[in-house]
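Novice: In the order they appear, the protein sequences are chains W and F. 1 is the number of the first residue of the first sequence in my numbering; add one for each residue after it. 1 is the number of the first residue of the second sequence in my numbering; add one for each residue after it. Mind having a look at this structure? Questions to follow.
2 protein chains.
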Amino acid sequence: MSPSERPIPTTTVSRLPLYLRALERLLELGESTVPSEKLAEVAGVSAANLRKDLATFGSFGTRGSGYDIKNLKVRIASVLGADTEWKVAIAGIGNLGLALANYPILAGPSFMVAALFDTDNAKIGTKILGMPIRHIDEMPLAVAEENLRMGVITTPAGVAQDVANKMMSSGIKSILNFAPALILAGEGVLVRNVDVALHLLVLSYHERSGQNGTGLSRNSGR
Amino acid sequence: MSPSERPIPTTTVSRLPLYLRALERLLELGESTVPSEKLAEVAGVSAANLRKDLATFGSFGTRGSGYDIKNLKVRIASVLGADTEWKVAIAGIGNLGLALANYPILAGPSFMVAALFDTDNAKIGTKILGMPIRHIDEMPLAVAEENLRMGVITTPAGVAQDVANKMMSSGIKSILNFAPALILAGEGVLVRNVDVALHLLVLSYHERSGQNGTGLSRNSGR
DNA sequence: CAATGTGAAGACCTTCACAGCC
DNA sequence: GGCTGTGAAGGTCTTCACATTG
């Protein structure tokens, strides 16, 4: 448990998960070592950018041969906190909430869906994956008792801010918001918006104004 | 149909949908005009940033009173192409694909789910929202015949690139990828990754390294 | 000799601050 | 007077290019 490294630029942080993915793919392909050029290509960034990113928290390449994949993977995972298991709460158990509760990655080593909340009395008490759907008013207690650290909002837009407020006042500082609504976050709280409509509008601009993409895939990060 | 304005920086494009959202909220509140200061606050950006963004494609504020909300909304919608209806195809009709097919925004004025694809014979032929689930091999034909312009990938990671390739070779140039996989895009193709795991990893870093957020909500864009 | 790590340069983006307009 | 639109300044991020190292 490395407590706190030197602060890393947000642009870099948003690319680290990409590198993790790329490293995983390379491992699957049976590689054990990789030069920045290749890793950058798989991740969809420039080699210089990749090296600068890695340099912000250490230097663990070998000149002449590149990076040891397993080693780098462990290192990045540690920086990101992916070596810990974070307990995630989902609020709003409709189609999307259900889909996410069953999402494979959320069942991976780093994240675990540990609580489900809704306000619909017809749903409360029902069990999903062995977990009962609880009323959202029970959130403060549940967060404290079960050490829930992240919240996912999959409610309708109208109540998204209320739900976010409830999460924040319960002590949750990291929120992933799927509701098509702008969320005002409190001090020290990080909200990542995964707003499908917003993404589609960016794609819409791309369609409207002809092809101007570089061909590289970009993440919603930032 | 304004054909092609002067190119707009991607950072600006990724904020325009936020402004659209903010303007909608202000309209609901009964406002009809708004100064940059207020609009920026609702959208979660700085006032100067907002004004610079708008300046990239025109100038339609009124000094002394601000912006006419309806007018600005129409203007931004036009720049983004949100005044057109884009037909969206969804590939991978599992929990997540189903949830998105039923997603309210996709039923809004700008986007319309017009085709569903899968490879599971048990699902093919089944109707969702009146639409049959078709085999993914029918995609090239469907894209051409029905003028599908955007693709949403909600398949397992393992086949995501194959599905993306199929979309691209069918002529789709705008892809929203929900699969936890890196997608290599062709020339002129824009892929937006909505990778839940990637977002959670960024949140994980935030948790790990203590509160360093500004309190402002940021979108996945870029 | 191949490939990293990194100053320096360059590109891009945001903020500042104010002239100009309603 | 209030507020936009915008040059100029300030920051931040990315790319370049190369000295350095295994």
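Virtual Cβ for every residue (Gly too), placed ideally from N, Cα, C.
Ordered along the chain, which non-local residues of its own chain (more than five positions away) have a Cβ less than 6 Å from that of Leu80(F)?
Specialist: Sequence-distant Cβ neighbours of Leu80(F) in its own chain, meaning closer than 6 Å and more than five residues away, are Leu16.
Novice: Could you run through the region 9–38 of chain F and flag, in chain order, every residue whose CB is less than 9 Å away from some CB of chain W?
Specialist: Thr10, Thr11, Val13, Ser14, Leu16, Pro17, Leu18, Leu20, Arg21, Ala22 and Arg25
Novice: I need the DSSP call for Gly151(W), collapsed to helix, strand or coil.
Specialist: strand
Novice: Is the shortest distance between the beta-carbon of Arg63(F) and the beta-carbons of chain W less than 8 Å?
Specialist: no
Novice: Would you say Arg208(W) lies against chain F (beta-carbon separation less than 8 Å)?
Specialist: Taking 8 Å as the CB threshold, Arg208(W) lines the interface with chain F.
Novice: For chain W, is any of its Cβ atoms less than 8 Å away from the one on Gly81(F)?
Specialist: yes
Novice: Please list, in chain order, the chain W residues whose beta carbon lies closer than 8 Å to that of Tyr205(F).
Specialist: Ile8, Val13, Leu16, Val79, Leu80 and Gly81
Novice: Do the CB positions of Ala265(F) and Leu141(F) come within less than 8 Å of each other?
Specialist: Since the first residue of chain F shown is 1 and the last is 222, residue 265(F) is not available in this structure.
Novice: Closest to Met139(F) by C-alpha separation, out of Thr56(F), Gly92(F) and Ala82(F), would be which residue?
Specialist: Gly92(F)
Novice: Within this structure, are the beta carbons of Leu116(F) and Arg134(F) separated by less than 8 Å?
Specialist: yes
Novice: Spell out a yes or no on whether the region 194–212 of chain W and the region 172–182 of chain W are touching, meaning 3 or more CB-CB pairs, one atom from each, closer than 8 Å.
Specialist: Segments in contact, yes.
Novice: Would you check if the region 58–69 of chain F and the region 30–39 of chain F touch, i.e. whether three or more CB-CB distances between them fall below 8 Å?
Specialist: yes
Novice: Exposed or buried, Arg63(F), counting other C-beta atoms within 10 Å across all chains shown (16 or more means buried)?
Specialist: That one is exposed.
Novice: Using only the alpha-carbon positions, how far apart do Thr56(F) and Thr10(F) sit?
Specialist: Rounded to whole angstroms, Thr56(F) to Thr10(F) spans 11 Å at the Cα level.
Novice: Given Glu37(W), which residues of its chain have a CB within under 7 Å of its CB, disregarding the five upstream and five downstream residues?
Specialist: Answer for Glu37(W): Ala47, listed in chain order.
Novice: Can you tell me whether Phe111(F) is buried or exposed? The criterion is at least 16 other CB atoms within 10 Å of its CB, across all chains shown.
Specialist: In the assembly as shown, Phe111(F) is a buried residue. Its beta-carbon has 16 or more other beta-carbons within 10 Å.
Novice: Using DSSP with H/G/I as helix, E/B as strand and the rest coil, what is Ser169(W)?
Specialist: helix
Novice: Step through the CB atoms of chain F and report whether any lies within less than 8 Å of the CB of His116(W).
Specialist: Strictly speaking, residue 116(W) in this sequence is Leu, with His absent from that position. Closer than 8 Å: no.
Novice: With a threshold of 8 Å between beta carbons, is Asn95(W) in contact with chain F?
Specialist: yes
Novice: Relative to the ligand HEM, is the shortest distance from any of its heavy atoms to the C-beta of Phe117(W) smaller than 7 Å?
Specialist: In terms of ligand content, the structure shown is empty, and the ligand HEM therefore cannot be addressed.
Novice: Closer than 7 Å, Cβ to Cβ, to anything on chain W: give me those residues from the region 132–158 of chain F, in chain order.
Specialist: If the cut-off is 7 Å between Cβ atoms, the region 132–158 of chain F has Arg149 and Met150 near chain W.
Novice: Classify Arg6(F) as helix, strand or coil using the three-state DSSP reduction.
Specialist: For Arg6(F), the secondary structure class from DSSP, reduced to helix, strand or coil, is coil.
Novice: For Ile105(W), collect the residues of the same chain with a Cβ closer than 8 Å to its Cβ; drop the 5 residues on either side in sequence, then sort them by chain order.
Specialist: Phe111
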